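S.K.:
Number of protein chains: 2
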Amino acid sequence: MDSFIDRLEQGIARCGTPVVVGIDPHLQMLPENILPASSAQSVPGCAEWDIRRLALALQSFCRGVLDVVSGLVAAVKFQLAFFEQIGPAGVSVLTDLVQTAHRGGLLVILDGKRGDIGSTALAYAQGMLGSGDASPWGGDALTVNPYLGDDALEPFVQTARERHAGIFVLVKTSNPGGRLFQDLVAEGRPIYRHVAALVEDLASRHLGKCGYGDIGGVVGATYREQLAELREVMPHTWFLVPGYGSQGARAADVAPAFDARGRGAIINNSRALIFAYRRREYDRFGAARWQEAVEAATRDMIAEIRAETPAGRIAPE
Amino acid sequence: MDSFIDRLEQGIARCGTPVVVGIDPHLQMLPENILPASSAQSVPGCAEWDIRRLALALQSFCRGVLDVVSGLVAAVKFQLAFFEQIGPAGVSVLTDLVQTAHRGGLLVILDGKRGDIGSTALAYAQGMLGSGDASPWGGDALTVNPYLGDDALEPFVQTARERHAGIFVLVKTSNPGGRLFQDLVAEGRPIYRHVAALVEDLASRHLGKCGYGDIGGVVGATYREQLAELREVMPHTWFLVPGYGSQGARAADVAPAFDARGRGAIINNSRALIFAYRRREYDRFGAARWQEAVEAATRDMIAEIRAETPAGRIAPE
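Chains as they are written, first to last, in the working numbering: chain U, 3 to 319; chain C, 3 to 319.
#1: Among the candidates U/R116, U/E164, U/F277, U/N177, whose CA atom is the shortest distance from the CA of C/Y126?
#2: U/G250 and U/N271 - do their beta-carbons sit closer together than 7 Å?
#3: Quick one: residues in its chain with C-beta nearer than 6 Å to the C-beta of C/K79, no 5 flanking neighbours on either side, listed in chain order?
#4: Measure the Cβ-Cβ separation of U/I88 and U/A59 and say whether it is below 7 Å.
#5: Check the DSSP bridge columns for U/V243 and list the partner residues they point to.
#6: Closest by CA to C/V296, which one among C/A309, C/E310, C/E306, C/R280?
#7: Compute the distance between the beta-carbons of U/T300 and U/L96, then report whether it is under 7 Å.
#8: Where U/I7 and U/L82 are concerned, what is the direct C-alpha to C-alpha distance, given to the nearest angstrom?
#9: Going residue by residue through the stretch 123–181 of chain U, where are the continuous beta strand (DSSP E) segments of at least 3 residues, counting only ones entirely within it?
#10: Give the straight-line distance between the Cα atoms of U/D135 and U/F241, rounded to the nearest whole angstrom.
#11: Taking a Cβ distance cut-off of 7 Å, strictly less, list which residues of the stretch 138–157 of chain C are near chain U, in chain order.
#12: In whole angstroms, what is the alpha-carbon distance linking U/L56 and C/P90?
#13: In three-state terms, what does DSSP make of U/S5?
#14: I'd like to know whether the C-beta atoms of C/G129 and C/S137 end up nearer to each other than 7 Å.
#15: If you draw a straight line from the alpha carbon of C/D152 to that of C/S41, how long is it in whole angstroms?
#16: If we count the other Cβ atoms within 10 Å of its Cβ and call it buried at 16 or more, is U/R265 buried or exposed?
#17: Taking C-alpha atoms, which residue in C/E156, C/L109, C/R163 lies nearest to C/G1?
#18: First and last residue of the beta strand (DSSP E) that includes C/Q87?
#19: Counting only beta-carbon separations shorter than 7 Å, does U/L182 have a partner in chain C?
#20: Report the neighbours of U/E231 on chain C: residues whose CB is nearer than 7 Å to its CB, in chain order.
#21: At which residues does the alpha helix (DSSP H) containing U/I307 begin and terminate?
#22: Just to make sure I have the definition right: I need the residues of chain B whose C-beta is within less than 7 Å of the C-beta of C/Q81. Which are they?
#23: Counting beta carbon pairs with one atom in the stretch 208–217 of chain U and one in the stretch 178–189 of chain U, are three or more of them shorter than 8 Å?
#24: Would you say C/F84 reaches chain U, if we count a Cβ-Cβ gap shorter than 7 Å as a contact?
#25: Give a yes or no on whether 7 Å exceeds the smallest Cβ distance from U/D118 to chain C.
#26: On a CA-only basis, which of C/G66, C/H104, C/G107, C/V93 is nearest C/R54? Give me that one, please.
#27: Examine the ligand GTP and report whether any of its heavy atoms sits within less than 6 Å of the Cβ of U/T161.
#28: Taking the continuous alpha helix (DSSP H) assigned at C/Q228, which residues delimit it?
#29: Could you list which residues in chain U have their beta carbon closer than 8 Å to that of C/Y126, in chain order?
#30: What do you get for U/A230, buried or exposed, if any count of 16 or more other CB atoms within 10 angstroms of its CB means buried?
#31: Taking C-alpha atoms, which residue in U/T311, U/G222, U/S72 lies nearest to C/I119?
#32: With 7 Å set as the bound, which would you pick, yes or no: does the beta-carbon of C/A188 sit closer than that to a beta-carbon of chain U?
#33: Using a Cβ-Cβ distance under 7 Å, would U/P90 count as near chain C?
#34: Using the three-state DSSP reduction, which class does U/P258 fall into: helix, strand or coil?
#35: Along the chain, where does the alpha helix (DSSP H) containing C/I193 start, and where does it finish?
#36: According to DSSP, is C/D69 helix, strand or coil?
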């Protein structure tokens, strides 16, 4: 089997776009025909049958998203929090959706931002990394938090390699508060640059045919200058770039994430795609035709990225 | 309902010890009569019936631990990775165990080291914080990672307050690699001190009757000097102290975590307690009598902490 990053690169070439659809199913934002707003409020303290109803709503909505986007993009990113929020039933829905995504030809990134030490990190990695029968969660990749240092990342790195999976380590996050610790300057450079040095080192130890390593980095789209700076100092690290859409970043902001050939980054957009029916640009569809809104918004984002970034140089097969 | 930290302090006074039993059920370390070693190897790629067997083994072992330690200690800490490792079935076992622990009078700390931004952090917090019917996971407290900054912590802080729950934010972790980023010096002090300042500020905004806030910090026992330094600068922050036992720290190492009255810290020990039957000191019990080994090791640790730290001043009711 090819390395995760080669499979990702091939999927991007096939679809002609580095857009990733983020599946963050906020219960309160689901279309009325999937889950009435009154039911969405019932998470805390809800009875068993309410949980079942919420689980079915999550499943139905996310399957609907996967139906629309498989074929359009190479990968989806599931935000684990929105499934874990309703307990075991939500995790069960998620593992089912991962299989559905794989059947649709999509790569699956599990956005769990896990991080722990030694054998605990190994348990997360072994549970979540590896598609098909390789792990219970079935992720092709997992996002990982670097605060606990290099020895805490090692089990994720090793397991990813053994299973042809990948990880994306948080380097510079897209939220305003990310600056508080990540931008503190130590030994002449900000903390995110120290993290970047470790991630680039890990990535460059095991390069795929595409010239990038299977250890990637998360770099937010909301800090354009740092994105360019990090692209420069992390030439072997594929970037997962959040922050597009609802968080304010546009195509011009993410352009610096790519190399000259238009590769080296995937651009995630979650709410502005999956809940496009709530945006004024797509309100012609209404809540009942929310899947058409997902498709229109995804196609529009693909066109924007193609027109305004080096990713326009990727030829669809 | 009293704040989490007041309930914790009352539980410690009732049991006369700040010891917390960490439930990290490594599948490969379970006693042979709970899970034969040959079955423990089967996590990746295992069939549905194997997962069910692993889930039943986890449940049986952890219930056995809870039976022994309820009454001896005030709280247990579940390591989420070892449950998530086997997928939805493991999460289902965990939520069942949380209820069992509560019925046994124990407070439950979920060690998930979660961290994310905005509405995602809120989903984790709402799913995991709040005992009884307040949340699907039912935790009295959750461990949280600070790398994403203050705005990412806020939903955890708010939800904890609304639900009389608590959080413990990673400040200084117990592993060797924790130094890599946490000890970098910016603006004249290490990163962990910057995190400490934020956590102390959050803690001091909402003090319980015991004088501590409901926002705690994780400070490893393996760095004795930093533990003393942080106790000094974080007078309103209750510490969750990992690293005792298997990671090498002893009672003398954790003594600086307490205030002069013997309060302000809980000391966690996981493997050296729950897998005590594997230690030479307790091999007289053998694998079949592993529960007696848990009890003996827990009582011995309670005595050590009582004899060699200020926690000896806590009078059991």
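Cβ atoms here follow ideal geometry from the backbone N, Cα and C, with glycine treated the same way. Every value quoted in this text rests on a predicted model; they were computed, and no experiment measured them.
M.R.: In brief:
#1: U/R116
#2: no
#3: V22, G24, I111, D113, N270
#4: no
#5: U/I269
#6: C/R280
#7: no
#8: 22 Å
#9: 143–146, 168–174
#10: 27 Å
#11: P138, W139, N147, P148, Y149, L150, G151, D152, D153, A154
#12: 16 Å
#13: coil
#14: yes
#15: 44 Å
#16: buried
#17: With chain C represented from 3 up to 319, any question about residue 1 of chain C goes unanswered, as that position is not in the structure.
#18: Counting along the chain, C/Q87 falls outside any beta strand (DSSP E), and DSSP gives it neither H nor E.
#19: yes
#20: Residues of chain C passing the Cβ test: none, with the nearest at roughly 18 Å.
#21: 292–310
#22: The structure shown contains no chain B; the protein chains it does contain are U and C.
#23: no
#24: yes
#25: yes
#26: C/V93
#27: Inclusion of the ligand GTP in the displayed structure is not the case, the ligand content being empty and no account of it being possible.
#28: 226–235
#29: A83, E86, Q87
#30: exposed
#31: U/G222
#32: yes
#33: yes
#34: helix
#35: 193–206
#36: helix
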